[in-house]
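Engineer:
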Amino acid sequence: MGAVVVDPATGDVVAVGANQPIGSHDPTAHAEIVALREAARKLGNYRLTGLTLVVTLEPCAMCAGAISHARIGRVVYGAEDPKGGAVANGPRFFEQPTCHWRPVVEGGLLAEESAELLRGFFRARRGKGTAA
């Protein structure tokens with residue numbers, strides 16, 4: 012999984028993130044969280060209002076909560092995640108009355124390409140696990 016925080020006013024990439032919970036021994040190290048942390052550190056502010064987060068897969072509930080707390084202006088994701096997603100699926104986090112900040116959400120951007128990248132990634136990981 013990958014995520015990019017972009018400033019739509021300039022087109023500049025503010026931060027990038029990739030899933031790393033296993034390597035970093037951190038269950039919160041999803042791509043979105045990694046990118047949000049880097050953006051906040053670079054900008055010296057935990058509020059990332061007006062920025063856009065682009066991610067390959069629909070964010071989970073944890074990531075949706077972090078997106079809301081960071082006050083990201085827009086979220087764009089590729090593939091839906093019927094099993095673990097929390098934006099268009101599952102709890103639909105941003106639609107809940109307890110959600111204090113709701114970004115503009117656009118799902119399905121290059122959905123099939125994103126889904127194929129993810130399938131290929133997991134196929135390769137499974138292949139490595141059975142070969143050793």
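With the working numbering applied, the sequence shown covers 12 to 143. Beta carbons are placed, not taken as given, at the ideal position from N, Cα and C, and that holds for glycine.
1. What is the rounded straight-line gap between the Cα of valine 25 and the Cα of alanine 42?
2. Hey, quick one: how far does the beta strand (DSSP E) through arginine 85 stretch, first residue to last?
3. If I follow the unbroken alpha helix (DSSP H) through alanine 46, where does it start and stop?
4. Can you name, in chain order, every residue of its own chain whose Cβ lies under 6 Å from the Cβ of glycine 95, other than the five neighbours on each side?
5. Starting from glycine 34, follow the alpha helix (DSSP H) in both directions and report where the run begins and ends.
6. Given this structure, state the Cα-to-Cα distance separating proline 19 from threonine 63, to the nearest angstrom.
7. Please determine if the region 96-106 and the region 49-60 are in contact, where contact requires at least 3 C-beta pairs separated by less than 8 Å.
8. Using DSSP bridges, identify the partner residues of glutamate 117.
Structural biologist: Working from what's here:
1. Cα-Cα distance, rounded: 14 Å.
2. 85-90
3. In this chain, the alpha helix (DSSP H) harbouring alanine 46 covers 42-54.
4. In the same chain as glycine 95, and ignoring 5 residues on each side of it, the C-beta atoms closer than 6 Å to its own belong to Cys71, in chain order.
5. 32-35
6. 7 Å
7. no
8. Val87
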